[in-house]
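Q:
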Amino acid sequence: MSPEHLRVLFDATAIPADRGGVGRYVENVVVELVRSGVPLAVVCQPRDRAVFEAAGVTRVLEIAPWGGRASGRLVWEQLVLPGLARRAGAAVIHSPHYTFPLFTRRRRVVTVHDLTFFSAPELHGRVKRVFFRTWIRAAKLFGVTVVTPSRTTADEYLRVTHADPAQVVAAPLGYDTEIFHPPTPAEIERFADGLDPRPAAGWIAFLGTVEPRKNVTALVEGYVEAMRARPLGARPALLLAGGSGWDASAPVAVARAIAAGFDVRMLGYLPLDELRSLLGGSVLTAYPSLGEGFGLPVLEAMACGSCVLTTRRLSLPEVGGDAVSYTDIDSASIAEALSALVDDPSERARLGSAGRQRAAQFTWAACAARHREAYELALAGSGPKRGTL
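Take the sequence shown: its position 31, counted from the start at 1, is 30 in numbering that gives the first Met the number 0, and no numbers get skipped.
1. For Pro95, which of Gly66, Ala379, Val41 has the nearest alpha-carbon?
2. Quick one: what's got a C-beta closer than 6 Å to Thr284's C-beta in the same chain, skipping five residues either side?
3. Going residue by residue through the stretch 262–337, where are the continuous alpha helix (DSSP H) segments of at least 4 residues, counting only ones entirely within it?
4. For the candidate residues Asp343, Glu186, Ala334, Ala170, whose alpha-carbon lies nearest to that of Thr152?
5. Pair every Cβ in the stretch 26–35 with every Cβ in the stretch 361–380, then say whether three or more of these pairs are closer than 8 Å.
6. Could you check what DSSP says for Glu61 in three-state terms: helix, strand or coil?
7. Using the three-state DSSP reduction, which class does Phe131 fall into: helix, strand or coil?
8. Report all residues from its chain with a CB closer than 7 Å to the CB of Arg357; omit the five preceding and five following residues, and keep chain order.
9. Pop quiz: Val219 and Ala249 are said to be a contact at Cβ under 8 Å. What is the actual Cβ separation, rounded to whole angstroms?
10. Leaving aside the five residues before and after Leu340 along the sequence, list all residues of the same chain whose C-beta is less than 7 Å from its C-beta, in chain order.
11. By DSSP, does Val209 sit in helix, in strand, or in coil?
12. May I ask you to list the residues that DSSP assigns as paired with Val25?
13. Give the DSSP-derived three-state secondary structure of Ile14 in the structure shown.
14. Does the structure place the stretch 260–268 close enough to the stretch 171–190 that three or more beta carbon pairs sit under 8 Å?
15. Taking 7 Å as the limit between beta carbons, can you name the residues of its chain near Phe361, skipping five residues before and five after?
16. According to DSSP, is Arg105 helix, strand or coil?
17. Leaving out five residues on either side along the sequence, give the residues of the same chain with a beta carbon under 6 Å from the beta carbon of Ser276.
18. On the DSSP bridge list, what partners appear for Phe141?
19. Expressed to the nearest angstrom, what Euclidean distance is found between the alpha-carbon atoms of Arg385 and Arg105?
20. Around the Cβ of Pro344, are there at least 16 other Cβ atoms within 10 angstroms (buried) or fewer (exposed)?
21. Could you round the C-beta distance between Leu8 and Ala84 to whole angstroms and report it? I think they count as a contact, below 8 Å.
22. Can you tell me where the beta strand (DSSP E) holding Ser94 begins and where it ends?
23. For Gly20, which residues of its own chain have a beta-carbon under 6 Å away from its beta-carbon, when the five flanking residues on both sides are left out?
24. Which of helix, strand or coil does DSSP assign to Ala379?
25. For Ala217 versus Asp329, is the C-beta spacing smaller than 9 Å?
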């Protein structure tokens, strides 16, 4: 499609090189938007150009070098991005991570991933809390169409901002079926062989950035309590995978558990193609989060056939339904739930099967279709830019 027909400029400049949940969301929804025929241009970091060209994006733009640095990106977004959208012939700018150009004649769509900055402010540092609260409120003030990853998050946004419900679109996330599916026995063996030492009784998996709302400290303490009475050879290891965040208490809890003789490991960021073995090869996946806007690791673990233990906080039941096991957030409750599942292989098998069936309901194609609705909604609004895709 020629540049003059491009109608949506997707700003992918904020996603990091190591793809966490937001990065996987951006890549996969762009692929499905292109497949569904949405006229799309993408602006991104130079390192990601090949990714979006391979996805079939007809026009890929690169952020200016000074804007690619964390210190300059917000300034670039405000001063340069609107001009790029104009020159690309875009009627809509989609900003997929809270912030957006404040002053532009283009229509704007912004993704708000979660509202824990309001519902659980103690889980975030003061500067981060103030920053994201300001931008979330600004979306309502400036009449920006908002996309959320769950109905729960949409309801939270409406509760906090009192925005017009007609300007909010819930677009539940999906998962990459080529990556997240039950691993083969050979894949599990290779992953296990790569662990040094190899766990004698398998492992309990956790996937997520180590930040306070992931509740990793309580998970480690609950794991220790659950394993305390078990013989060493009958204790699954606890493998914590994901980027290091700002939870100072979690590494302390891990160090204490290791000092007490328990096999707890912080694996850091793992390549995507190892995640299905981590999750699908586990005894179970534990994700005792204090609150999520969606809970992508829960969905991905379900897709890999893992039995999942999570909480009923915010959107997590919207994802897990009756195909996962639930626990309260304190370490004693986590210990009790872990013990029950480790001791009940038939229940783990049942939940693993139910989880795979439920996960199949969440697709990136459906997510992209809801994004198209958001773009059309934005274009239908009053002001200088009207029209449809």
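Beta carbons are placed, not taken as given, at the ideal position from N, Cα and C, and that holds for glycine. Note that the structure is predicted; figures quoted are calculated from it, not measured.
A: Let me lay it out:
1. Stepping through the sequence shown from its first residue, residue 95 is reached at position 96. Cα-wise, what sits closest to Pro95 is Val41.
2. In the sequence shown, the residue the question calls residue 284 occupies position 285. For Thr284, where only same-chain residues beyond five positions count, the Cβ hits under 6 Å are Ala204, Leu278, Ala300, Ser305, Val307.
3. 271–279, 295–302, 315–319
4. For the purposes of this step, residue 152 is taken as residue 153 along the sequence shown, with counting starting at 1. Nearest C-alpha to Thr152: Ala170.
5. yes
6. In the sequence shown, residue 61 corresponds to position 62, counting from 1. In this structure, Glu61 counts as strand in the three-state DSSP scheme.
7. As a first step, residue 131 must be located in the sequence shown, where it is residue number 132. The answer is helix: DSSP assigns Phe131 an H, G or I state.
8. As a position in the sequence shown, residue 357 is number 358, starting the count at 1. Cβ neighbours of Arg357 beyond the five flanking positions: Met301, Gly320, Ala322.
9. In the sequence shown, residue 219 corresponds to position 220, counting from 1. In the sequence shown, residue 249 corresponds to position 250, counting from 1. About 7 Å separates the two Cβ atoms, so the contact holds.
10. As a first step, residue 340 must be located in the sequence shown, where it is residue number 341. These residues qualify, in order along the chain: Leu283, Cys306, Leu308, Ser324, Glu346, Arg347.
11. By one-based count along the sequence shown, residue 209 stands at place 210. Note: Val209 maps to strand in three-state DSSP.
12. One-based indexing of the sequence shown puts residue 25 at position 26. Residue pairing of Val25 in beta bridges, as defined by DSSP: absent, with no partner found.
13. Counting from one through the sequence shown, the residue named residue 14 turns up at place 15. Note: Ile14 maps to coil in three-state DSSP.
14. Below 8 Å, too few C-beta pairs join the stretch 171–190 and the stretch 260–268 to call them touching: fewer than three.
15. Against the sequence shown, residue 361 aligns to sequence position 362. The answer, listed in chain order, is Pro171, Leu172, Gly173, Tyr174, Leu298.
16. On the sequence shown, residue 105 is found 106 positions in, with the first residue counted as 1. Note: Arg105 maps to coil in three-state DSSP.
17. Here residue 276 refers to the residue found at position 277 when the sequence shown is read from its first residue. These residues qualify, in order along the chain: Pro182, Glu186, Ile187, Phe190.
18. As a working note, residue 141 is residue 142 in the sequence shown. In the DSSP output, where bridge partners are listed per residue, Phe141 has none listed.
19. Mapped onto the sequence shown, residue 385 falls at position 386. Mapped onto the sequence shown, residue 105 falls at position 106. Since pLDDT at Arg385 reaches only 38, below the 50 mark, its modelled position is unreliable, and the value read off the structure follows with that caveat. Answer to the nearest angstrom: the Cα atoms are 10 Å apart.
20. For this step, residue 344 is matched to residue 345 along the sequence shown. By the 10 Å Cβ count, Pro344 comes out exposed.
21. Counting from 1 along the sequence shown, the entry for residue 8 is found at position 9. Counting from 1 along the sequence shown, the entry for residue 84 is found at position 85. Confirmed, Cβ separation roughly 4 Å.
22. Taking the first residue of the sequence shown as 1, we reach residue 94 at position 95. Here the beta strand (DSSP E) through Ser94 covers 91–94.
23. In the sequence shown, residue 20 corresponds to position 21, counting from 1. Within the same chain, Cβ atoms closer than 6 Å to the Cβ of Gly20 are found at Leu295, the five residues on either side in sequence being excluded.
24. What you label residue 379 is simply residue 380 of the sequence shown in a count that begins at 1. The three-state reading of DSSP puts Ala379 in coil, since its state is none of H, G, I, E or B.
25. Along the sequence shown, one-based indexing puts residue 217 at 218. Along the sequence shown, one-based indexing puts residue 329 at 330. Yes, these two residues count as a Cβ contact at 9 Å.
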